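Structure first, commentary second.
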Amino acid sequence: MTKTIIGKATVIKSNKDYYKIKKETILIACHTHPDLVIVIDKIKGIITELDNKLCHAAIVAREFNKPLLMGVENATKKFKTGDRIIVDFENKIVKKIK
Amino acid sequence: MINLLKHTYLLDLEAIKNDIERLWKRYQKIISDKESSWEDLNEARAILYFVGHLYSEKIALEAIDRRIKFVKPKITLDKFFLIIDRNDVKNFKKYGKDEKFNKLKEFYLTVKNIKNRVENGVYLDEERFNKAYLRLRPKNHL
């Protein structure tokens, strides 16, 4: 199981944002949408505000073996697209790094 | 919706599938019919919320969680989802003889089928719903 990842964040505000992903990224969303699978090969990890084992993010993460951290409060407000972040899946911590 | 809940308590898979299809067809009819009223659109909204969120993410999860303890050999909820989502052949052999595992698996796949449903290129045909909803929404609606 992946313990930690580092990368640039992409914050999803609308479904159109999925189509803007061109490079490998850590996705941050309130909850995800099926359009996520279109760019799944560019997703290094997924962070969601919603915490539910049957939401799209959880299903897609299991299907495509992507690390997922759910239940991160206000994640879409705390971070912005382009932020370099570190995600500690074991301790459930997301931090912005310089 | 009450029938779907009842059949979920019974875990009657065929009835569950039929109930979901019935709701889906009703939803499609409302958003396709130009004669649909504001009240009809709110019925469609209720179906969308119930099928797309309440049922598929909360009720179904509770239904599986409540029954997973009866599967043999013992299995956690997370492992159950992982085996199915990863199409884990080794574990399918291990649990495949357990009738309860197979039933829960089919139920989960039915629920996943809702989550993956796309119509007119859009998840749960939400674009057509949104257009119809906005067209009929009264100006003074709260």
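Protein chains in written order, with my numbering: chain A, 1 to 98; chain B, 1 to 142. Positions of the beta carbon are idealized from the N, C-alpha and C atoms, including for glycine. Because the structure is a prediction, the values reported are computed rather than measured.
Ranked by Cα distance from B/N113, the options A/G82, A/N74, A/H56, A/D88 are led by A/H56. In this structure, the straight-line span from the alpha carbon of A/M1 to that of A/K66 is close to 10 Å. Two segments are said to touch when three or more pairs of C-beta atoms, one from each, lie closer than 8 Å; by this definition the segment 36-46 of chain A does not touch the segment 49-69 of chain B. A distance of 8 Å or more separates the beta carbons of B/R67 and B/Y133. At least one C-beta of chain B is nearer than 8 Å to the C-beta of A/E63. The DSSP-derived three-state label of B/E119 is strand.
Between A/V87 and A/T4, the C-beta spacing is below 8 Å. B/G52 carries a helical assignment under DSSP once its states are collapsed to helix, strand and coil. Only H33, P34 from the segment 13-36 of chain A bring a Cβ to less than 7 Å from some Cβ of chain B.
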